[in-house]
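Everything below concerns the one structure shown next.
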Amino acid sequence: LFLFHQEVVSEESEEESNGVNLMEFSDEILLHILSYVPCTDLVLNVRRTCRKLATLCLDKSLTHTVLLQKDYKVNKDKVKQLMRDIGKEIYQLNMAGCYWLPSSTIDHVTRCKNLVKLNLSGCHVTSLRLSKMLSTLQHLRSLAIDVNPGFDASQLSSECKATLSRVSELKQTLYTPSYGVVPCCTSLEKLLLYFEILDRSREGFMLSGQLMVGESNVPHYQNLRIFYARLAPGYVNQEVVRLYLAVLSDRTPENLHAFLISAPGSFAETGATKNLLDSMARNVRLDALQLPKAWINGSGLLQHLKFNNPFYFSFSRCTLSGGHLIQRVINGGKDLKSLTSLNLSGCVHCLAPESLFRKAEDDIDSSILESLVVSCCNLRHLNLSAAHHHSSESIGNHLCQLLSRLKHLLSLALPVCSITDVAASVEKPPTTPNLVPQTFGRKVRIGIQTYPRNLGDQTNQKIESSVFWALMGSLRFLETLEIIGSSFSSAMPRNEPAIRNSLPPCVRAQSVGDSEVAAISQLTYLQSLTLAQLPNILTGSGLVNIGLQCQHLRTLSLANLGMMGKMVYMSALMDMLKHCKCLRDLRLEQPYFCAGAQFFQALSHCSSLQRLCIVSRSGTLQSDAVMSFMASCLEVIMCHMFMGESLTVCKNLQQSIVRSFQAERPALNVVIFPLLHEDLTEVIRDVPMRHLDEITLFKSRVAEEPPNLWW
Numbered sequence: 192l193f194l195f196h197q198e199v200v201s202e203e204s205e206e207e208s209n210g211v212n213l214m215e216f217s218d219e220i221l222l223h224i225l226s227y228v229p230c231t232d233l234v235l236n237v238r239r240t241c242r243k244l245a246t247l248c249l250d251k252s253l254t255h256t257v258l259l260q261k262d263y264k265v266n267k268d269k270v271k272q273l274m275r276d277i278g279k280e281i282y283q284l285n286m287a288g289c290y291w292l293p294s295s296t297i298d299h300v301t302r303c304k305n306l307v308k309l310n311l312s313g314c315h316v317t318s319l320r321l322s323k324m325l326s327t328l329q330h331l332r333s334l335a336i337d338v339n340p341g342f343d344a345s346q347l348s349s350e351c352k353a354t355l356s357r358v359s360e361l362k363q364t365l366y367t368p369s370y371g372v373v374p375c376c377t378s379l380e381k382l383l384l385y386f387e388i389l390d391r392s393r394e395g396f397m398l399s400g401q402l403m404v405g406e407s408n409v410p411h412y413q414n415l416r417i418f419y420a421r422l423a424p425g426y427v428n429q430e431v432v433r434l435y436l437a438v439l440s441d442r443t444p445e446n447l448h449a450f451l452i453s454a455p456g457s458f459a460e461t462g463a464t465k466n467l468l469d470s471m472a473r474n475v476r477l478d479a480l481q482l483p484k485a486w487i488n489g490s491g492l493l494q495h496l497k498f499n500n501p502f503y504f505s506f507s508r509c510t511l512s513g514g515h516l517i518q519r520v521i522n523g524g525k526d527l528k529s530l531t532s533l534n535l536s537g538c539v540h541c542l543a544p545e546s547l548f549r550k551a552e553d554d555i556d557s558s559i560l561e562s563l564v565v566s567c568c569n570l571r572h573l574n575l576s577a578a579h580h581h582s583s584e585s586i587g588n589h590l591c592q593l594l595s596r597l598k599h600l601l602s603l604a605l606p607v608c609s610i611t612d613v614a615a616s617v618e619k620p621p622t623t624p625n626l627v628p629q630t631f632g633r634k635v636r637i638g639i640q641t642y643p644r645n646l647g648d649q650t651n652q653k654i655e656s657s658v659f660w661a662l663m664g665s666l667r668f669l670e671t672l673e674i675i676g677s678s679f680s681s682a683m684p685r686n687e688p689a690i691r692n693s694l695p696p697c698v699r700a701q702s703v704g705d706s707e708v709a710a711i712s713q714l715t716y717l718q719s720l721t722l723a724q725l726p727n728i729l730t731g732s733g734l735v736n737i738g739l740q741c742q743h744l745r746t747l748s749l750a751n752l753g754m755m756g757k758m759v760y761m762s763a764l765m766d767m768l769k770h771c772k773c774l775r776d777l778r779l780e781q782p783y784f785c786a787g788a789q790f791f792q793a794l795s796h797c798s799s800l801q802r803l804c805i806v807s808r809s810g811t812l813q814s815d816a817v818m819s820f821m822a823s824c825l826e827v828i829m830c831h832m833f834m835g836e837s838l839t840v841c842k843n844l845q846q847s848i849v850r851s852f853q854a855e856r857p858a859l860n861v862v863i864f865p866l867l868h869e870d871l872t873e874v875i876r877d878v879p880m881r882h883l884d885e886i887t888l889f890k891s892r893v894a895e896e897p898p899n900l901w902w
């Protein structure tokens, strides 16, 4: 925006400069540049700079689709003006996660008479407002909304129901037991359901999964092609989703080609669900499949299901063996080039021929992984985390060597123990970071460890010869990487008290540390990085390399690195942050973390930072340093800190931040709270779902959902 103003001023004053005048570029190039500018800036600011830009900013290619979902500076007045200026030109409007906008903002969407796609997930919408808005959107075909307590389908007008009857794509997030608008959508082809219903009310009363009296229980699924349901923990969510599935069990849609249910924990199979799966096995051919583990474990279901050109499979947390995976899913190793996304997270036996007599820590069968790699050569997203995938000593059969053949990978999740060199893990004894080396010579200084600023010697000696270094070198276009300890669990689980003790890392993972982290710096196009439970981090030196080389890094999540009783990599982390100019999301989870002046001064170099989350058992913070950081980093709109400080300290700091910055940052969301406090779960439930799901709660996100599930 500043460049446009600068160029226009120079053009109008006819002053020549040595730089390139943007106004001399062709319209096609300018339109491409303008496509990276938020629509609110284009229409409300850039358009007013000169005649040429006034015309280009209203080009159909820029106004056809308006994305406000992460435009944290937008407010009610800007939305009102935007809809007034270009409302009739908007065909797709995404306002997902705009939790800070008042519900009255939705009234202005009625100006968009030609809307075809509308995403209001995370926005405050009442039944009456929804009815009024949808009554005017006769061309709408795709809709995403939240169903909150108090929603009443009987308040929907006949005009609203007429619009819903033409909607073919619906995404519905449920915070209360309800069918929402599903019974009104008689032409549904794609149905996405997110169940976020809590088992207890704020007053502590147990909730029921029964729907409200008078609600229709006849959803229309006859044209359904895609059914997706994601459940948050809790028995109420399971009860409600069974009501949605009951109609499917009576008659399975003939055109169904994607059936996906993501359910944590135990979700038992019932007679109705068994009938549904039997009907699917007889009548449909699927392209995408995900089922609760209890529905797959011990059954012959996969043997009977038929697949067409599958693009997504998820067998997360299933006891599926590698033999069954190859025989029943990958057709005995036949060509499966259509598969682009595969989630085997927590599937502990998926790379072993049988699971009956196998221990989870036993070596994998490399021939199974090789068959997988050969058959699914076009994989772009692969998740093998939350399992012990130990390679044998056979030359050329290491997991990293086999995965290096997948040249199209864009995202990858691996357990820490899978990336270690077999020889190194055998020869090197497990580290004991809590002990100080005993020597007879020079005294050993205990304190913050230094690290080599130049890692060239390390690289030449060890890293380049490792299988993990070779893997990183072969996946040059990887955008997302997760390296997570197989026994790692976050201190902040959903709907439960904070975990006080963590399981020790796998023995094979004991040698994974700074040199492996340095190998990641080869990923020039890396955008998202997660490292959790790497026990041999001694200085964090590899982080500096990543900061220098991975200039596209936008999301960074670090958890439980090195020794648990001390923050050994703080110095390197601060040096790394000084180079992360594109970093937007930072999540740190480390016991005894000291969020002091030096840390926040280094973090202030991350000029693009928008969201910060720190989880630290027994961690401390300096309130003045936090306030200075918030004042210097103007883009930060989310600050979540769950530390070891007292409730009084946390509340005072939270109130100070909100008081000082809320007016300038309408989307500001601040939660500062003691990690081990008994009311933590009550605080968590008020966090906007966008932040909670994307950064605050730790989880593996690779292949979590099919690619392009929603826009």
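Residue numbers 192 to 902, in our numbering, belong to the letters of the sequence shown in order.
C-beta: ideal position from N, C-alpha, C; glycine also.
Owing to the predicted nature of the structure, the values given are computational and were not obtained by experimental measurement.
- By the criterion of at least three beta-carbon pairs nearer than 8 Å, the segment 869-877 is not in contact with the segment 274-282.
- Residues of the same chain with a CB within less than 8 Å of the CB of S814, apart from the 5 flanking positions on each side, are V840, N843, L844 and S847 in chain order.
- L812 sits close to M832, with the two beta carbons spaced by under 8 Å.
- Under DSSP, no beta-bridge partner is assigned to E552.
- Bridge partners of A335 according to DSSP: N310 and K362.
- For the pair R275 and K261, the Cα-to-Cα distance works out to about 21 Å.
- When the five nearest sequence neighbours on each side are left out, the beta carbons in the same chain lying within less than 7 Å of the beta carbon of S585 are those of S557, in order along the chain.
- If you draw a straight line from the Cα of P293 to the Cα of E826, it is about 21 Å long.
- Per DSSP, D478 is one residue of the beta strand (DSSP E) stretching across R476 to Q481.
- Here the C-alpha atom of L662 lies approximately 48 Å from the C-alpha atom of A854.
- Residue P684 holds the alpha-carbon nearest to the alpha-carbon of N692 among R699, P684 and M767.
- One Cα belongs to I452, the other to A420, and the distance between them is close to 5 Å.
- Note that the C-beta distance between N574 and K528 is not below 8 Å.
- Of the residues N305, Y263 and R302, the one whose Cα lies closest to the Cα of M286 is Y263.
- In this structure the segment 876-891 does not lie against the segment 235-254, because fewer than three pairs of beta carbons, one per stretch, are closer than 8 Å.
- Contact between the segment 465-476 and the segment 534-542 is absent, with fewer than three C-beta pairs closer than 8 Å.
- The DSSP assignment places 705-710 and 732-740 as complete runs of the alpha helix (DSSP H) inside the segment 684-743, in order along the chain (cut-off: 4 residues).
- Beta-carbon to beta-carbon, L306 and L328 are separated by about 5 Å, close enough to satisfy the 8 Å threshold.
- Taken in chain order, the whole alpha helix (DSSP H) runs of length 4 or more contained in the segment 231-306 are 242-247, 251-254 and 267-277.
- Bounds of any alpha helix (DSSP H) do not take in F833; it lies within the beta strand (DSSP E) bounded by M829 to M834.
- In the displayed model, A463 falls within a helix according to three-state DSSP.
- Here DSSP, grouped into helix, strand and coil, assigns P501 to strand.
- According to the DSSP assignment, H223 belongs to the alpha helix (DSSP H) that extends over D218 to L225.
- D390 is positioned such that its CB atom lies no closer than 8 Å to that of V438.
- Setting aside the 5 residues that flank it on each side, K362 is surrounded in the same chain by A335, L383 and W901, each with a C-beta closer than 6 Å to its C-beta; the list follows chain order.
- Remark: C-beta atoms of S795 and S823 approach each other more closely than 8 Å.
- Listed as beta-bridge partners of Y419 by DSSP are L383 and L451.
- Where L672 is concerned, the enclosing beta strand (DSSP E) starts and stops at T671 to I675.
- Annotation: A485 to L493 spans about 13 Å, alpha carbon to alpha carbon.
- If the five residues before and after A604 are omitted, its C-beta is found closer than 6 Å to the C-beta atoms of N574, S576, E673, S891 and V893, all from its own chain and listed in chain order.
- By the neighbour-count criterion, in which 16 or more other beta carbons inside 10 Å mark a residue as buried, Y366 falls on the buried side.
- With fewer than 16 other beta carbons inside 10 angstroms of its own, R242 counts as exposed.
- In the structure shown, L573 falls within a strand segment according to DSSP collapsed to helix, strand and coil.
- With a beta-carbon spacing of about 22 Å, S359 and K323 fall beyond the 8 Å limit used to define contacts.
- Counted as a single uninterrupted DSSP element, the beta strand (DSSP E) harbouring V862 occupies residues N860 to P865.
- The alpha-carbon separation between G587 and S706 amounts to approximately 21 Å.
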